[in-house]
């Protein structure tokens, strides 16, 4: 998880070294997020059926190969396909939806969101640790060698994946006799699920736009505010996002049961809009950038345990990885648009201002979308004859 959060640091070095516009790098990250989202329900369903550790093993292989391919790519097409397609599938195999499915099946309901929050916090610690390391590698080595070093690091995911080995479970153990098709139809027929996906779309748009374009934004603004142009400022800011995300996700998991999850999500989305608005309103300096990073970091992925907790609460845990995957697909469609639109708008207007404003408006809309969600467990008629 930590490595992918540092991809934004590669934006300017990659584009400048190859003579590309920012649209090329943005397209690679956008495609990565889209393929991650499109394949997440597939790999989530396979994890539900065959076990999360097998999917994590596959993800470790793809992650390593994708980073090697990106490091060796000499054309824009090669870079987009390795960074976008291969790493996108790798992330689908190794991140939250697969892990949360295992957690959901093995944690009691009253501890489920808390456990998901711990998992998200550990991913955030990876971000906090890896971003300064990636910047140091970029400074000391060229882009190619940095990506190859990261590939060696991701290969260690293979033995760690075995930790997710779980005993075989059956429909009787989960108390749910639905088929996969029935579960999908049921979920998409629920208004609360539709609204949850709408909010998650905005989450993806905001975090990937900021993660991909904050570093070049600060560099561009150094023409007006010289102190924010040093790479160290962006590195510290992105690391602070990861650090404060640890506290944010843990806090979000701890308030479960004390405060409705859908209202917590609404507060998070509206707070993001306020924080982004404040970042644009005040003069840029390293201090204001770090304050923004800390505040947005606290709100960064605190949506993840809450969103997945609502899914588990409404639909149960049998197909949780798959249904979380569909929610994440919505998140990643937003991520695709946020990453690509940032680069495209900049290349056309030489400014990110339009996308910042869109982020504020979308945050308000996401808050409103989460208000009507009902966190009530569905009751189903018994259907013991159904098979998967």
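Residue numbers (the working numbering): 109 to 496.
The beta carbon of each residue, even a glycine, is placed where N, CA and C say it ideally should be.
Got a sec, what are the start and stop residues for the alpha helix (DSSP H) residue i sits in?
i, result
"residue 311", "299 to 329"
"residue 233", "217 to 248"
"residue 480", "No alpha helix (DSSP H) contains residue 480, which DSSP labels as neither H nor E."
"residue 439", "428 to 457"
"residue 186", "184 to 187"
"residue 294", "288 to 296"
"residue 499", "This structure cannot speak to residue 499, because the chain is shown only from 109 to 496."
"residue 110", "110 to 113"
"residue 194", "Unbroken run through residue 194: none, as it is neither H nor E."
"residue 268", "265 to 268"
"residue 256", "251 to 262"
"residue 120", "119 to 126"
Is residue i near residue j, with beta carbons less than 9 Å apart?
i, j, result
"residue 151", "residue 200", "yes"
"residue 117", "residue 192", "no"
"residue 403", "residue 329", "no"
"residue 507", "residue 360", "What the structure shows of the chain is the stretch from 109 to 496, and residue 507 is not part of that stretch, so it cannot be assessed."
"residue 427", "residue 291", "yes"
"residue 130", "residue 123", "yes"
"residue 486", "residue 314", "no"
"residue 362", "residue 222", "yes"
"residue 196", "residue 119", "no"
"residue 155", "residue 225", "no"
"residue 110", "residue 296", "no"
"residue 437", "residue 149", "yes"
"residue 257", "residue 430", "no"
"residue 90", "residue 243", "There is simply no residue 90 to check, as the chain begins at 109 and stops at 496 in what is shown."
"residue 125", "residue 250", "yes"
"residue 440", "residue 145", "yes"
"residue 204", "residue 478", "no"
"residue 132", "residue 451", "yes"
"residue 235", "residue 353", "yes"
"residue 418", "residue 263", "no"
"residue 246", "residue 121", "yes"
"residue 316", "residue 153", "no"
As a quick exercise: from the options, pick the residue whose alpha carbon is nearest that of residue i.
i, options, result
"residue 189", "202, 403, 171, 204", "171"
"residue 518", "367, 373, 363, 406", "In this structure the chain extends from 109 to 496, so residue 518 is not present and cannot be described."
"residue 265", "169, 130, 396, 438", "169"
"residue 433", "304, 479, 357, 314", "304"
"residue 453", "111, 125, 124, 134", "134"
"residue 484", "378, 120, 422", "422"
"residue 464", "385, 481, 456", "385"
"residue 136", "176, 250, 479, 186", "186"
"residue 255", "214, 244, 178, 213", "178"
"residue 408", "288, 356, 194", "356"
"residue 378", "467, 235, 431", "467"
"residue 183", "128, 208, 196", "128"
"residue 270", "146, 159, 110, 440", "159"
"residue 114", "301, 458, 240", "240"
"residue 285", "148, 461, 425, 459", "425"
"residue 480", "302, 245, 352", "302"
"residue 336", "398, 365, 367", "398"
"residue 388", "354, 318, 180", "318"
"residue 380", "470, 354, 245", "470"
"residue 396", "353, 482, 341", "341"
"residue 458", "206, 331, 180, 153", "331"
"residue 211", "366, 273, 246", "273"
"residue 371", "294, 460, 176, 482", "482"
**Report entry** Uninterrupted alpha helix (DSSP H) stretches inside the stretch 324 to 412 (no shorter than 4 residues)
**Finding:** 339 to 362, 369 to 389, 394 to 406
Query raised in the report: Quick one: any contact between the stretch 407 to 417 and the stretch 224 to 241, if contact means 3 or more CB pairs under 8 Å?
Result: yes
Query raised in the report: Is the number of C-beta pairs between the stretch 157 to 171 and the stretch 435 to 450 that are closer than 8 Å three or more?
Result: no
Query raised in the report: So, do the stretch 303 to 317 and the stretch 474 to 484 have three or more beta carbon pairs nearer to each other than 8 Å?
Result: Inter-segment contact for the stretch 303 to 317 and the stretch 474 to 484 is present: three or more beta-carbon pairs are separated by less than 8 Å.
Query raised in the report: Would you call the stretch 333 to 352 and the stretch 312 to 323 in contact, with 3 or more CB pairs under 8 Å?
Result: yes
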